[in-house]
Every structure is written in structure tokens, then in C-alpha cells.
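Since the structure comes first, as C-alpha cells, the remarks are kept for the end.
Right, dumping it as C-alpha cells:
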């Protein structure tokens, strides 16, 4: 299982771009990298998924370097409502695995 | 469309009682996961099913915990002889492929 490491917390202000990096040194060749957002008293919500290079959707961008040992979730122009915990999760392509979350990054966006 | 209903949303029980949580997927999904989450921690894997087969169970799960998915659709998670340390949010999730887990709103357990 690819263990992930993220900063425990980050602070930002409204309108800024936020980059959260996750380290996954022992990622396997067929593993995907996924990111989730979680608000208090709710289940995590899938944000974005990628395998290599860059992926962008309407919510965020995901940057993955060539060695794939880390990934960076980029949130453009954050708002107060982006205050949440963000988790990266490495998922085996075969799918038959325990999908193990780390402790996540608590992002606090201030006015 | 994917949706997951979990019941009950909140459960308060006394230590030593048994509790059961239910997870109802709106549509068919082969793979179903159960997680437990305590305050300040990420979701902790408990077990997962491929259809009705329970493929893996966390070593952290004591014998007091049991899960079933009898027809490959809904699933139940039972905790026997609850302890205060069992107080947590219990989350059910469906695997939609390409690493995407779709979570329900969770069932919060408080053991007094």
C-alpha cells in the first residue's frame, strides 16, 4: 500500500490560490492518485483523479511530476466555503485493495 | 446515478448494547466499503465487499464487529457489546472506478 504524507494544516485568504502537496514515495506503476474534500459531519467528496502530468476540472487542478512520488492539488481563488479537510488517496488500478486514507490537510480560508 | 443512504444518521446507545447500521446504495455497485472516522482523523478502513463477498477485513476490527451484504446490494454493519471507544462516524462508500469513492452521509454513534 502506498502511504501518503500531507501537511497537517494550511492557512489561506479568500481569492488566493492554494497548493496542497501529498507525498507517496512507494506508489506503484498502476496506481492512480485521487483527492477528496471533507466538511464536518459529512462523508468525503471526490474532487479529482490523475495518473501523470496535469489534470484539470471545474473544481481543481492536479499536478503530478514524472516520478509520480508526489502530487499537488491546486485550488484556484479559494473562498470561505473551501475551508475543509483535503485527503489524497492512492488507488491501485486493479481496485481490489483497502483504500487507506491518511490524516489529511485542514485548510482554513480566512476573509 | 450514484447515491448512498445510511441509517440511522445518529445513534446513542449505552455501553454493552448492540447496534446495527445500514447502507443502501441507490444503484448497483459491485464494490462497497465501510470506514470509521473519529474526530481529527481520516477515515479508517474497516472492510469491503465485492458483490456479496467480503474480501477483506481490517485487523483493527475486533470480533465484535461484523458486516454483511447478503444480496450484493445493501449492507449492514453490526457492533456487538459496544464500548465507549466505538463512538465514531461510520461511513459507507461505493467504488465507482478510477479511484473514485462515493460516500454516504455517515452514521454517527455515541456510546455512553
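Chains as they are written, first to last, in my numbering: chain Y, 174 to 284; chain W, 10 to 121.
Here a beta-carbon is modelled for each residue, glycine too, at the ideal position from N, C-alpha and C.
Predicted, not measured: the structure shown is a model, and the values here were computed from it.
- Message: Our contact map puts residue 248 (chain Y) next to residue 233 (chain Y) with C-beta atoms below 8 Å; I'd like the distance itself, whole angstroms only.
- Response: 5 Å
- Message: Using CA atoms only, rank isn't needed, just tell me which of Y:198, Y:196 and Y:211 is closest to residue 281 (chain Y).
- Response: Y:211
- Task: Please work out which residues of its chain come closer than 8 Å, Cβ to Cβ, to residue 196 (chain Y), disregarding the five sequence neighbours upstream and downstream, and give them in chain order.
- Result: 177, 178, 179, 242 and 243
- Message: For a test of the three-state rule: what should DSSP assign to residue 50 (chain W), helix, strand or coil?
- Response: coil
- Message: In this structure, how does DSSP classify residue 253 (chain Y) when only helix, strand and coil are distinguished?
- Response: helix
- Task: Pull up the DSSP beta-bridge partners for residue 70 (chain W), would you.
- Result: Paired residue(s): none; residue 70 (chain W) is not in a bridge.
- Task: Please list, in chain order, all residues of the same chain as residue 24 (chain W) whose beta carbon is under 7 Å from its beta carbon, the five residues on each side excluded.
- Result: 91, 92, 93, 120 and 121
- Task: Tell me, to the nearest whole angstrom, how far the beta carbon of residue 75 (chain W) is from that of residue 65 (chain W); I am working on the premise that it is less than 8 Å.
- Result: The beta carbons of residue 75 (chain W) and residue 65 (chain W) sit about 14 Å from each other, so the pair does not count as a contact at 8 Å.
- Message: Rounded to whole angstroms, what is the Cα-Cα separation between residue 49 (chain W) and residue 207 (chain Y)?
- Response: 20 Å
- So, are the CB atoms of residue 251 (chain Y) and residue 185 (chain Y) less than 8 Å apart? yes
- Task: Grab me the residues of residue 205 (chain Y)'s own chain with a C-beta within less than 6 Å of its C-beta, minus the 5 sequence neighbours each way, in chain order.
- Result: 222, 224 and 264
- Euclidean distance between Cα positions of residue 73 (chain W) and residue 95 (chain W): 10 Å
- Could you tell me whether the Cβ atoms of residue 182 (chain Y) and residue 278 (chain Y) are closer together than 8 Å? yes
- Spatial distance of residue 82 (chain W) from residue 56 (chain W) (CA atoms): 15 Å
- Contacts of residue 107 (chain W) in chain Y (Cβ-Cβ under 7 Å): 205 and 222
- Message: residue 28 (chain W) and residue 118 (chain W) - do their beta-carbons sit closer together than 8 Å?
- Response: Residue 118 (chain W) places its beta carbon less than 8 Å from that of residue 28 (chain W).
- Query: List, in order along the chain, the chain W residues whose C-beta lies closer than 7 Å to that of residue 264 (chain Y)?
  - Reply: 108
- Task: Just mark residue 115 (chain W) as buried or exposed, buried being the case when its beta carbon has 16 or more other beta carbons within 10 Å.
- Result: buried
- Name the residue from W:39, W:98, W:40 and W:105 whose alpha carbon lies nearest to the alpha carbon of residue 216 (chain Y). W:98
- From W:89, W:78, W:85 and W:53, residue whose alpha carbon lies closest to that of residue 39 (chain W): W:78
- Message: Looking at the secondary structure, which residues open and close the beta strand (DSSP E) in which residue 185 (chain Y) lies?
- Response: 182 to 186
- chain W partners of residue 202 (chain Y), CB-CB under 9 Å? The contacting residues do not exist; residue 202 (chain Y) stays about 15 Å from chain W at best.
- Item | Beta-carbon gap between residue 54 (chain W) and residue 67 (chain W) smaller than 8 Å | yes
- Residues of its chain near residue 256 (chain Y), where Cβ-Cβ distance is below 7 Å and the 5 sequence neighbours each way are ignored: 280, 281 and 282
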